[in-house]
Amino acid sequence: MSGTFGIIGLGTMGRNLALNIEEHGFPVVVWNLETEWTDAFLREHPKGKFTGTKTLEQLVAALERPRRMMMMIPAGAPVDQMNQKLTPILEAGDIVIDGGNSYFEDTRRREAALREQRLHFVGCGVSGGEEGARYGPSIMPGGSDEAWERIRDVFEAIAAKTEAGPCVTHVGPDGAGHYVKMVHNGIEYGDMQIIAEAYDVLRRGLGLSAIEAADVFDEWNRGPLESFLIELTAHVCRILDPETKQPLVDVIQDKAGQKGTGKWTAQVALQLAVAIPTIAAAIDARVLSSLKDERVAAGRQYPATDPRAPFAQDRDRWTNDLRDALYAARVCSYAQGMALIAAGSAEYKWNINLSEMARIWKGGCIIRARLLDPVRQAFTNNPRLPNLLVDPVIARDIQGAGPGWRRVAAAAAAGGIPVPAISASLAYFDSYRTARLPQNLTQAQRDAFGAHKFERVDRSGFVHADWQITQGS
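If you're matching positions, the sequence shown starts at 47 in the numbering used here and goes up one per residue.
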């Protein structure tokens, strides 16, 4: 035996995780389907404590028992195929970790199947991209308590570190880790869309250049909005295209892609009856962005609005208002994500600690942000907090940001600048704080056309009305 931890798959993430693990004192055994990748990896790192293997049997034989191995391969069928190859050659107590973006229901199925064979299966979310994998990601493992105790030393060593500790925790049983990673990515969708809308208002509404917008984002990154994505936005707005010498962001086609985790977040939210309008608006925005030819044609059919007219005066005030709108909308995105994690935890009996989720997202991951400090504190103070918006500290901040938030949403609408996530966040906030919504009319309609019944405000129970004769004057 020559290794304490195995990596299956030497793509960018697998390679960097292997280097991270070895650097922290754990000899690593590596395997890749294309054996030349393994050979190249070993040539590039001749002084590292790596053992290359050509077959899965060699990989298994080279690992200390109980074996620990992490798959960094594409989600879906490849994971099932790898499990089918591994299970016959493993022994009771061995641990197989899936570090890809797998759908959590698939992880639950796989964990149950391997458990029957006395093997441990860990669905593990990993966030931070290739740099995080190399120098410290945020890690979200699910699975059994026994598996966690066996892999804990490696994961705590390689995870990002903050003043609150290593950015890893045992999320919960079976699919809990991949579920939380899915919601993390949903929050990421919302966050990115909100930032894109702020950028659009800065550019088209206030008439700023990309470099001037970068200065604004830099300023915002020194306050409550401080985060990886705000810092990254300032950086990318400054990069020049070597061909045109224009800001590179200006020559990128305005069509955004997606890999599926955002869609899963929306689907699960519908299943669990959790409102996530900010995240859903971000998904819709990416879908609409793909309709480039249709959008160009539609733009020729409708008269243009002047996006700068509503923002004509006092640029500094509008910049401050936009900062407030971005902050408040971002809080709503986190609130929706946390509500969805809580709902999943209750549905699947995972007992997820929301305060811990905020803690492990503080470093390494894409949504790391100063905002996670009050989020963590909110769920530390009240683990049963029904929604982040009712935490007293968060409520105070939202109250302060409210006027600017509303002014930005209204001015953007007047100028024809779409801000779907900012607007959806505002509607979510207003709906959540409204004691009586107009769904009394919705229930009346449902009962009138379909006899679906309704509840009265003055008594309990469901009733049906005769809408043919019960009419007002």
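Positions of the beta carbon are idealized from the N, C-alpha and C atoms, including for glycine.
Touch test, the region 112-126 against the region 193-202, Cβ-Cβ under 8 Å, three pairs minimum: yes
In terms of residue numbering, what span does the alpha helix (DSSP H) encompassing Thr279 cover? Phe274 to Arg284
With Tyr380 and Val421 assumed to form a contact (beta carbons below 8 Å), what rounded beta-carbon distance in angstroms separates them? 6 Å
Kindly indicate the opening and closing residues of the beta strand (DSSP E) around Pro187. Ser184 to Pro187
Could you tell me if Phe508 is buried or exposed, where buried requires 16 or more neighbouring beta carbons within 10 angstroms of its beta carbon? exposed
For His498, is the classification buried or exposed, using 16 other Cβ atoms within 10 angstroms of its Cβ as the cut-off for buried? exposed
Who are Thr324's beta bridge partners in DSSP? None, per the DSSP bridge assignment.
If you follow the alpha helix (DSSP H) that Pro413 is in, where does it begin and where does it stop? The sequence as given places Ile at residue 413; Pro does not occur at that position. Neither: Ile413 is in no alpha helix (DSSP H) and is coded neither H nor E.
What is the rounded straight-line gap between the Cα of Gly60 and the Cα of Tyr149? 19 Å
Give the C-beta separation of Leu102 and Thr133 to the nearest angstrom, bearing in mind that I take them to be a contact with Cβ-Cβ under 8 Å. Not confirmed; about 11 Å, so no contact.
Let me know if Lys291 comes out buried or exposed under the rule of 16 or more other beta-carbons within 10 Å of its beta-carbon. exposed
Using the three-state DSSP reduction, which class does Asp115 fall into: helix, strand or coil? As written in the sequence, residue 115 is Met, which differs from the Asp given in the question. If DSSP states are grouped into helix, strand and coil, Met115 belongs with the strands.
Give a yes or no on whether the C-beta atoms belonging to Glu151 and Gly221 are separated by under 9 Å. yes
Can you tell me whether Arg442 is buried or exposed? The criterion is at least 16 other CB atoms within 10 Å of its CB, across all chains shown. exposed
Out of Trp513, Leu435, Leu318 and Asp493, which one is the CA nearest neighbour of Ser477? Leu435
Label Thr225 either buried or exposed according to how many other C-beta atoms from any shown protein chain fall within 10 Å of its C-beta, with 16 as the threshold for buried. As written in the sequence, residue 225 is Tyr, which differs from the Thr given in the question. The residue is buried, with at least 16 neighbouring Cβ atoms inside 10 Å.
Identify, in the order they occur along the chain, each residue of the same chain with its Cβ nearer than 8 Å to the Cβ of Asn129, setting aside the five sequence neighbours on each side. Val142, Arg156, Ala159, Leu160 and Phe167
Using the rule of at least 16 other Cβ atoms within 10 Å of the residue's Cβ for burial, across every protein chain shown, is Leu495 buried or exposed? This sequence places Phe at residue 495; Leu is not what is there. With fewer than 16 Cβ atoms within 10 Å of its Cβ, Phe495 is classed as exposed.
Cβ-heavy atom distance, Arg354 to the ligand ATP, below 8 Å: No copy of the ligand ATP occurs in the structure displayed, which carries no ligand at all.
Quick one: grab the DSSP three-state call for Ser379. helix
For the putative contact between Arg414 and Ser273, defined by C-beta atoms under 8 Å, what is the C-beta separation to the nearest angstrom? 6 Å
Only counting runs of 4 or more residues, tell me where the alpha helix (DSSP H) segments fall wholly within the region 179-237, in order along the chain. 191-204
Can at least three beta-carbon pairs, one atom from the region 458-465 and one from the region 240-257, be found at a separation below 8 Å? yes
I need the DSSP call for Glu501, collapsed to helix, strand or coil. strand
Compare the Cα-Cα distances from Gln489 to each of Arg505, Ala473, Ala511 and Leu472 and report the closest residue. Ala511
Under the rule that 16 or more other beta-carbon atoms within 10 Å means buried, what is Trp513, buried or exposed? exposed
Mind reading off the beta-carbon distance from Thr153 to Asn231? Whole number of angstroms is fine, and I expect it under 8 Å. Actually they do not touch by this definition, with Cβ atoms about 15 Å apart.
With a Cβ-Cβ cutoff of 9 Å, do Ile240 and Ala467 count as a contact? yes
Min CB distance Ala319 to chain B below 9 Å: Checking the listed chains, one finds no chain B in this structure; it contains a single protein chain.
By the DSSP assignment, the alpha helix (DSSP H) with Trp451 in it spans what residues? Pro438 to Gly461
Measure the C-alpha to C-alpha separation of Glu289 and Val295 and round it to an integer number of angstroms. 13 Å
Hey, how far is the Cα of Ser454 from the Cα of Asp246? Sequence inspection shows Val at residue 454; the Ser mentioned does not correspond to that position. Each residue's alpha carbon lies about 12 Å from the other.
Own chain partners of Phe263 with C-beta closer than 6 Å, once the 5 adjacent residues on each side are dropped: Ile276, Thr279 and Ala280
Should Gly146 and Met118 be called a contact, given that it needs their Cβ atoms to be closer than 9 Å? yes
State the beta-bridge partners of Ile468 as determined by DSSP. For Ile468, which the question treats as bridged, DSSP gives no partner whatsoever.
Quick one: is Gly52 buried, meaning 16 or more other Cβ sit within 10 Å of its Cβ, or exposed? buried
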